[in-house]
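There are 2 protein chains.
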Amino acid sequence: MAARGGIDLGGTKIQAVVVDGRDAVLGAARHPTPTHGGPPDVADAIAGALREAAAAAGVAPGQLVGVGVGSPGVVDAAGTTVAQARNLPGWDGAFPLADALRERLGAPVRIGNDVQVATDAEFHLGAARPFRSLLGIFWGTGVGGGLYLDGRPWLGRGAAGEIGHMVVTQGGARCPCGRRGCMEAYAGRAAMEARARRRHHDGEPTALFRLMRRHGRNRLTSGIWARALAHGDPLAHELVDEAVAAIGAAAASAVNLLDVEAVVVGGGLGLRLGAPYLERIAAAMEPHLFKDDAPPAVRLAQLGDLGGAIGAALLVRTPPGAAG
Amino acid sequence: MAARGGIDLGGTKIQAVVVDGRDAVLGAARHPTPTHGGPPDVADAIAGALREAAAAAGVAPGQLVGVGVGSPGVVDAAGTTVAQARNLPGWDGAFPLADALRERLGAPVRIGNDVQVATDAEFHLGAARPFRSLLGIFWGTGVGGGLYLDGRPWLGRGAAGEIGHMVVTQGGARCPCGRRGCMEAYAGRAAMEARARRRHHDGEPTALFRLMRRHGRNRLTSGIWARALAHGDPLAHELVDEAVAAIGAAAASAVNLLDVEAVVVGGGLGLRLGAPYLERIAAAMEPHLFKDDAPPAVRLAQLGDLGGAIGAALLVRTPPGAAG
């Protein structure tokens with residue numbers, strides 16, 4: 001029946017799906033990412049989530065054509081190992097994740113970059129289906145980007161798509177990456193939280209941290225930001241407005257350089273803030289667009305929270321190892 | 325003998341070359357661009373320059389396989405008309421330049437975008453020959469850009485490459501295009517001259533305008549900037565340093581997005597300031613490069629002043645109209 005598995009491996013959660021031959025979701029499960037231990041513990045958690053999704057789909061993991069994994073960190077060209085996944089516990093070196101999962105699940109496994117598989121999903125199955133060229137922007141803890149040009153993914157020498165580290169203000173704010181003036185220094189949720197904490201600590205009133213505690217969180221999740229905006233919290237509005245302006249400037253710069261047909265915005269914060277903020281991003285791009293009579297289509301990621309996992313399942317449309 | 329003509333049509337000069345079947349220059353001529361009249365006068369001047377280059381090469385214009393023209397403004401997809409060439413006299417509407425030149429020269433003519441043909445020249449014949457992906461930066465009155473990705477030119481929907489209008493400082497300096505914070509607002513020679521005039525008018529001492537008058541110029545040419553730098557003029561150094569920083573930020577942003585193998589810098593100011601300033605541009609990129617352990621090659625355009633015309637001659641490697 002050609003069912004495939006897909007995993008979106010994030011710093012806080014592991015999203016698993018099982019899809020059929022037409023990419024429809026048959027089963028899904030979400031587990032927390034381990035915060036202690038090391039790569040084998042993460043592999044255990046991934047296998048657990050996939051087993052649950054497979055059970056919901058009514059298939060055994062060993063029956064799957066393959067399992068694709070969208071991973072942070074550096075994935076080798078063969079799609080078998082993951083290195084430098086700093087958001088995952090004890091994951092500084094390279095770990096053979098594909099082998100570890102194949103042993104646990106009995107199915108072939110192929111790994112890809114998390115942002116790229118989310119871009120693949122939107123290009124092939126989501127909001128960018130009508131287009132041949134795409135800039136995907138994934139607005140979450142950081143801001144990742146993915147490109148399709150002339151119907152094919154553009155990876156450069158392997159590191160393309162770092163839209164979060166395009167410079168939007170020379171000599172500007174310090175980015176979590178250590179550089180200055182990157183878009184992510186204004187728009188990444190981690191950078192936004194660091195700013196909010198600093199300003200709150202300096203005595204600025206805000207509902208952000210009260211909402212965080214009330215909802216049992218220890219960081220400012222996308223949901224907390226959305227709630228603070230709904231409460232009319234001035235600091236939340238100011239920081240989100242700055243984020244929108246920075247995303248708009250970087251996206252317009254990318255469009256001026258590449259003249260792509262479409263920009264698709266996803267990611268935890270992008271999806272949570274949704275259509276009204278997508279409109280604001282499009283409006284923030286507009287004054288910077290050189291060819292302002294022909295702006296690109298700007299759309300919200302259509303596959304939502306499952307996009308990363310569905311995109312990961314695209315990695316195994318052809319079974320891993322089938323060609324050699 | 326398969327000789328071809330190439331024209332680089334600029335706002336101040338018309339550079340013509342005649343090349344052989346291996347792209348070697350057999351003859352060249354440079355004429356001033358008319359400052360009055362309209363498109364037919366410009367066509368006359370182009371024909372005059374081409375005739376002189378052909379005479380130097382020992383061929384009649386009618387014997388040429390074809391003549392390629394690199395033009396400012398908007399060139400139609402067929403390579404026959406030019407519209408909105410605002411640096412050329414009386415050239416707001418669309419003018420059938422290919423037909424006008426064919427009548428005057430008796431050879432088939434194909435027109436392309438000036439920045440793109442200069443990029444083509446560096447990719448196929450110049451500094452980027454060893455590479456499959458390239459960002460070309462042409463630093464002159466404005467700052468143009470051209471892209472090759474995976475061995476092919478990337479034009480987007482027809483307007484790609486506007487690196488001069490990537491945002492380097494949100495809310496920053498006003499660009500000649502009317503927008504704020506574009507790279508060209510700091511690095512375009514027109515914007516640099518406007519700043520220098522303003523600061524000079526406000527009483528700031530500078531040798532720039534004295535050198536300009538002494539050399540019989542009415543604007544700050546690349547040569548005047550180079551001389552002022554050599555004199556140690558503080559204002560010239562400050563403005564060129566700002567230009568270099570802005571080019572570095574935009575180029576690094578483009579590399580973070582595209583991860584190209586090579587960046588080639590040309591253009592009137594880029595070529596005139598040469599290797600020492602190329603090094604400075606590479607150094608200005610470095611702190612912004614996300615993948616800083618693998619910077620792209622950064623090279624000076626190798627074909628120099630003739631690059632645009634040689635690149636234009638590439639437009640007629642296949643005779644215009646040969647395919648239909």
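Chains as they are written, first to last, in this note's numbering: chain A, 1 to 324; chain E, 325 to 648. Idealized CB from N, CA, C, for every residue including glycine. Being a predicted model, the structure only gives us computed values, none of them experimental.
Chain-ordered chain E contacts of residue i [CB-CB under 7 angstroms]
i, result
"valine 168 of chain A", "Val491 and Gln494"
"alanine 134 of chain A", "Per the sequence shown, the amino acid found at residue 134 of chain A is leucine instead of alanine. Correct list: empty, because the minimum Cβ distance to chain E is about 12 angstroms."
"valine 260 of chain A", "Gly480"
Straight-line Cα distance separating residue j from residue i
i, j, result
"glycine 6 of chain A", "valine 65 of chain A", "11 angstroms"
"histidine 288 of chain A", "glutamate 242 of chain A", "15 angstroms"
"histidine 237 of chain A", "leucine 229 of chain A", "6 angstroms"
"glycine 635 of chain E", "threonine 404 of chain E", "17 angstroms"
"glycine 156 of chain A", "aspartate 583 of chain E", "5 angstroms"
"glycine 505 of chain E", "glutamine 494 of chain E", "5 angstroms"
"arginine 195 of chain A", "arginine 214 of chain A", "20 angstroms"
"alanine 585 of chain E", "arginine 456 of chain E", "The displayed chain sequence assigns glutamate, not alanine, to residue 585 of chain E. Rounded to the nearest angstrom, the two C-alpha atoms are 7 angstroms apart."
"glutamine 588 of chain E", "phenylalanine 447 of chain E", "Reading off the sequence shown, one finds valine at residue 588 of chain E, where the question assumed glutamine. So the two alpha carbons sit approximately 9 angstroms from each other."
"glycine 58 of chain A", "valine 67 of chain A", "16 angstroms"
"alanine 309 of chain A", "arginine 51 of chain A", "14 angstroms"
"aspartate 76 of chain A", "valine 82 of chain A", "7 angstroms"
"glycine 307 of chain A", "arginine 152 of chain A", "18 angstroms"
"phenylalanine 290 of chain A", "histidine 489 of chain E", "7 angstroms"
"leucine 9 of chain A", "arginine 30 of chain A", "10 angstroms"
"arginine 22 of chain A", "glycine 142 of chain A", "31 angstroms"
"tryptophan 478 of chain E", "valine 441 of chain E", "12 angstroms"
"aspartate 20 of chain A", "glutamine 408 of chain E", "53 angstroms"
"proline 356 of chain E", "glycine 144 of chain A", "48 angstroms"
"alanine 56 of chain A", "arginine 4 of chain A", "13 angstroms"
"methionine 609 of chain E", "glycine 304 of chain A", "36 angstroms"
"alanine 250 of chain A", "alanine 578 of chain E", "10 angstroms"
"cysteine 177 of chain A", "glycine 146 of chain A", "19 angstroms"
"arginine 522 of chain E", "valine 167 of chain A", "27 angstroms"
"glycine 351 of chain E", "alanine 384 of chain E", "12 angstroms"
"threonine 443 of chain E", "alanine 618 of chain E", "23 angstroms"
Residues that DSSP places opposite residue i in a beta bridge
i, result
"tryptophan 225 of chain A", "Partner(s): none; tryptophan 225 of chain A has no beta bridge."
"proline 477 of chain E", "E/Tyr472"
"glycine 631 of chain E", "Answer by DSSP bridge pairing: none, since glycine 631 of chain E is not bridged."
"arginine 543 of chain E", "Paired residues: none, contrary to the question."
"histidine 650 of chain E", "Since the first and last residues shown for chain E are 325 and 648, residue 650 of chain E lies out of range."
"cysteine 182 of chain A", "A/Val167"
"leucine 624 of chain E", "E/Val589"
"phenylalanine 419 of chain E", "E/Val406"
"valine 69 of chain A", "A/Ile7 and A/Ile111"
"glycine 460 of chain E", "E/Gly470 and E/Val588"
"arginine 51 of chain A", "Bridge partners of arginine 51 of chain A: none, in fact."
"arginine 174 of chain A", "A/Arg180"
"valine 398 of chain E", "E/Ala407"
"valine 25 of chain A", "A/Val19"
Interface partners of residue i on chain A, CB under 8 angstroms
i, result
"glutamate 603 of chain E", "Residues of chain A passing the Cβ test: none, with the nearest at roughly 19 angstroms."
"alanine 569 of chain E", "Gln170"
"glycine 469 of chain E", "Leu257"
Residue i: contacting residues in chain A (beta-carbon distance under 7 angstroms)
i, result
"asparagine 580 of chain E", "Glu162, His165 and Met166"
"leucine 473 of chain E", "Leu149 and Trp154"
"histidine 612 of chain E", "Val167 and Arg179"
"alanine 573 of chain E", "Val167 and Gln170"
"lysine 615 of chain E", "Ala159"
"alanine 576 of chain E", "Val167"
Nonlocal neighbours in the same chain, by C-beta distance under 7 angstroms from residue i, ignoring five residues either side
i, result
"alanine 599 of chain E", "Leu624"
"glutamate 528 of chain E", "Leu559"
"arginine 426 of chain E", "Pro432 and Val433"
"alanine 509 of chain E", "Gly496, Ala497, Arg498, Cys499 and Ala515"
Neighbourhood of residue i by C-beta distance below 6 angstroms, restricted to the same chain and skipping five residues each side
i, result
"alanine 422 of chain E", "Thr404, Val433 and Ile435"
"glycine 324 of chain A", "Caution applies to glycine 324 of chain A, whose pLDDT of 39 falls short of 50 and renders its modelled position unreliable; the value that the coordinates give is listed next. Within the same chain, glycine 324 of chain A has no close Cβ partners at all."
"arginine 317 of chain A", "none"
"threonine 206 of chain A", "His200, Asp233 and Leu235"
"valine 298 of chain A", "Val263 and Ala282"
"arginine 551 of chain E", "Leu535"
"arginine 428 of chain E", "Ala371"
Proximal residues to residue i (C-beta, below 8 angstroms), its chain only, five neighbours per side dropped
i, result
"histidine 555 of chain E", "Ala531 and Leu535"
"tryptophan 549 of chain E", "Arg513, Met516, Leu532, Ala560, Val564, Leu593, Arg596 and Leu597"
Within chain E, partners of residue i - CB distance below 8 angstroms
i, result
"alanine 340 of chain A", "The first residue shown for chain A is 1 and the last is 324, placing residue 340 of chain A beyond what the model contains."
If you pair each beta-carbon of the region 467-487 of chain E with each one of the region 542-550 of chain E, do three or more pairs fall below 8 angstroms? no
Below 8 angstroms, how does it come out for the region 403-422 of chain E and the region 363-370 of chain E: are there three or more Cβ pairs, yes or no? yes
The region 334-341 of chain E touching the region 127-137 of chain A, judged by at least three CB pairs closer than 8 angstroms: no
Count the C-beta pairs between the region 186-200 of chain A and the region 507-519 of chain E that are closer than 8 angstroms, then say yes if the count reaches three, no if not. no
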